[in-house]
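**Q**
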Amino acid sequence: MPLKLYRRGQIWHYRGKVAGRYLRGSCETADKDTASRKTAKIESDEWKCHFDGPQSVLTFSQASLMYRGAGKPTRFLDRIEDYWKDTLVKDIKPGSIRQMAMTMYPKAVNATRNRQAIVPCQAVINYAAESDLCPFIRVKRFKIEKKIKAPFTLSWVNSFCEHANPYLGALALFMFSTGARISEALAVNWEHVDLQQRTILIPKSKISEQRIVHLPPRVLAAIANLEGAEPLHLLVSHARLNAWPVAEDDQARRHQDPDGPQRPAWLRYHDAAQGD
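Plus 33 on top of the position in the sequence shown (first one is 1) and you've got our numbering.
Here's what the structure looks like:
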């Protein structure tokens, strides 16, 4: 039977059976003409889905809502949703996704286009594909020019600790000795620290499950001297997440003063994982 309209308060709702499925919901409007048009669209899409498959009516916005509802990462999703809006997923091809990346980030490097455009867009579509709502999609990444990056060394860490305040020095020692990512280090609270067992529980991250790391004596002493501050990660400046933060007293600034003491080179957080 076709969908029928009924009013609940001031808002129109619909209910009925279409293509063997019972549907009901709100038209989210008090205007009957608008409600009728919405109901007709819902009924039409349901028949189209029944005859041509779910991919014939699935839009990117619908797929994105499913993706968000599953608790997936949404950091770069807003701009992608604004770009595709109600475009049918079946009409989104690998080439058009690459074009989207270039349109959204015309001056960005290829690594940024891959990370902030191609990867999340493909993830949304493939999540819907896992529910048989559309085909899976594979998108060729933009070529990335790999550069040799300066890694952490023990001499650099020693020099950094001489200039940094105790909190940043402990952070540098912890990341260097354990290979923890900056996000993992910032997720550590005092409840994860066991000074008696000389261990720290690193919470689950995007690349690994939670794990326990053992602390060398020097790192243990540096962290033990910070005990009493809560939570631990708030002791670290969040001024810049792509480089070592600097102390307010200017002890750890990266700019070299030709007349002052030699300070360590400015390295990024992620260089800690490349240390030796």
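We treat Cβ as the ideally placed atom computed from N, Cα and C, and that holds for glycine.
1. What is the DSSP secondary structure of residue 59, reduced to helix, strand or coil?
2. Please classify residue 61: is it buried, with 16 or more other beta-carbons within 10 angstroms of its beta-carbon, or exposed?
3. Let me know if residue 177 comes out buried or exposed under the rule of 16 or more other beta-carbons within 10 Å of its beta-carbon.
4. To test your reading of the DSSP string, which unbroken alpha helix (DSSP H) runs of 4 or more residues are found completely within the segment 232-259?
5. Looking at residue 259 and residue 184, is the spacing between their C-beta atoms short of 8 Å?
6. Taking residue 47 as the reference, which of 93, 63 and 68 has the closest Cα?
7. DSSP beta-bridge partners for residue 226?
8. First and last residue of the beta strand (DSSP E) that includes residue 39?
9. Taking residue 215 as part of the alpha helix (DSSP H), name the residues at either end of that continuous run.
10. Given residue 210, which residues of its chain have a CB within under 6 Å of its CB, disregarding the five upstream and five downstream residues?
11. Identify whether residue 118 lies in helix, strand or coil by the three-state DSSP scheme.
12. Tell whether a beta-carbon distance below 8 Å holds between residue 109 and residue 149.
**A** So, to answer that:
1. strand
2. That one is exposed.
3. exposed
4. 250-257
5. Contact flag unset, no.
6. 68
7. 233
8. 37-41
9. 215-219
10. 249 and 252
11. coil
12. Contact check for residue 109 against residue 149 passes: the beta carbons are separated by less than 8 Å.
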